[in-house]
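J.:
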Amino acid sequence: MPTAIWWNDERARSGPLGGSAERAASCPVRRVDRASTNGPHPRSALDCAFAGGTEMVDPEVFKQRAAELIGVGHFCFSRGWLPATSGNLSARLDASRIAITVSGRHKGELDASGIMAMDVEGRILTEGCRPSAETELHLMLYRRDPSIGAVLHTHSVNATVLSRLAGDALTLSDYEVLKALPGIETHETRLALPIFANDQDIGRLALEVERALARTPDLPGYLIAGHGLYTWGSNVADARRRIEAFEFLLECETLTRSIIR
Ligand SMILES: [Zn+2]
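Structural data, given as structure tokens:
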């Protein structure tokens, strides 16, 4: 089981990061596992610093990533892409740890208590918090590609509807906005966005996505049928730009299909 060490901001600022013996001795050291994380949330995740092994996560980095995730959560909710506490958002803290939204939090009301830390192997580093059931879909991406700095998952109407109609892949072509996606330099592009069957077994779904990524490493995102969109980027701003591009393209496809019919 993983170990979480946390302390308040004042204490975290009192010395260099890196886990001094004094700090470790003066802070609660608690063992946390998935089964014990349904309790009350800490008063604020930003009041905590984290340890996943011997090297501490910089609390300033955590604060910055959390603020970015809160911002993108509010933005996506305001656009109707994250209804009813759905979706999940994450950002890399360092090579082995991420910040991610706490399960069940309303993204339009997201605040610091709705962001937690965990490592890419799935160990929870913020006591009292439980991540989304879909967390493995984030972790798999961070493990396989160190250049990924953020993963965003939305449940928009357009992603939900189109993913039920388009078969195994949704083809996006001849849109100028395709150029907002990595590696695309002309509208004369055909992007086949894969659609995976929805599956409550997230480990199995993550394996399926990983196999697709092994075949197509440059894939910028994917859909889950009747569910939503996953995309990622080098940081939160980059991933947000991709979410905006995809959601724009999906809306265009929905409108086009509704007019043609
Ligand atoms: Zn979802």
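Residues 731 to 991 (my numbering) are what the sequence shown spells out, left to right.
Positions of the beta carbon are idealized from the N, C-alpha and C atoms, including for glycine.
Remember, predicted model here, so these are calculated numbers, not experimental data.
Could you tell me whether any non-hydrogen atom of ligand 1 is closer than 6 Å to the CB of E981?
T.: Taking the first residue of the sequence shown as position 1, residue 981 is located at position 251. Every heavy atom of ligand 1 is 6 Å or more from the Cβ of E981, so no.
J.: Applying the 10 Å Cβ sphere with the 16-neighbour rule, what's the burial state of R853?
T.: Taking the sequence shown and counting its residues from 1, one reaches residue 853 at position 123. Answer is buried; the Cβ neighbour count reaches 16.
J.: May I have the straight-line CA-CA distance separating L882 from S820, to the nearest angstrom?
T.: Start at 1 with the first residue of the sequence shown, and residue 882 comes out as number 152. Start at 1 with the first residue of the sequence shown, and residue 820 comes out as number 90. Taking the straight line from one Cα to the other gives about 6 Å.
J.: For a test of your reading of the model: does the CB of E866 fall under 6 Å from any non-hydrogen atom of ligand 1? Yes or no.
T.: Residue mapping note: residue 866 aligns to position 136 of the sequence shown, counting from 1. Every heavy atom of ligand 1 is 6 Å or more from the Cβ of E866, so no.
J.: With DSSP run on the structure shown, which of helix, strand or coil describes R945?
T.: Numbered from its first residue, the sequence shown carries residue 945 at position 215. Note: R945 maps to helix in three-state DSSP.
J.: Please classify I990: is it buried, with 16 or more other beta-carbons within 10 angstroms of its beta-carbon, or exposed?
T.: As a first step, residue 990 must be located in the sequence shown, where it is residue number 260. The residue in question, I990, is exposed, as its Cβ has fewer than 16 Cβ neighbours within 10 Å.
J.: Where does G951 fall in DSSP's three states?
T.: For this step, residue 951 is matched to residue 221 along the sequence shown. Reduced to three states, the DSSP call for G951 is strand.
J.: In three-state terms, what does DSSP make of D931?
T.: On the sequence shown, position 201 is the one that residue 931 refers to. Coil, per DSSP.
J.: In chain order, what residues of the same chain lie with their CB nearer than 6 Å to the CB of L935, ignoring the 5 residues before and after it?
T.: As a first step, residue 935 is located in the sequence shown; it is residue number 205 there, counting from the start. D929, listed in sequence order.
J.: Could you tell me how far apart the beta carbons of P861 and I830 are, in whole angstroms, since I believe they sit closer than 8 Å?
T.: Here residue 861 refers to the residue found at position 131 when the sequence shown is read from its first residue. Here residue 830 refers to the residue found at position 100 when the sequence shown is read from its first residue. Correct: roughly 5 Å between the Cβ atoms.
J.: If you follow the beta strand (DSSP E) that D841 is in, where does it begin and where does it stop?
T.: The residue you call residue 841 lines up with position 111 of the sequence shown. Neither: D841 is in no beta strand (DSSP E) and is coded neither H nor E.
J.: Measure how close the beta-carbons of G958 and T856 come, nearest whole angstrom, since I'm counting them as under 8 Å.
T.: Against the sequence shown, residue 958 aligns to sequence position 228. Against the sequence shown, residue 856 aligns to sequence position 126. Not really, about 25 Å apart at Cβ, beyond 8 Å.
J.: For ligand 1, any of its heavy atoms closer than 6 Å to the Cβ of G958?
T.: The residue given as residue 958 occupies position 228 in the sequence shown. Under cutoff, so the answer is yes.
J.: Look up R822 in the DSSP assignment and give the residues it is bridged to.
T.: In the sequence shown, counting from the first residue as 1, residue 822 sits at position 92. I828.
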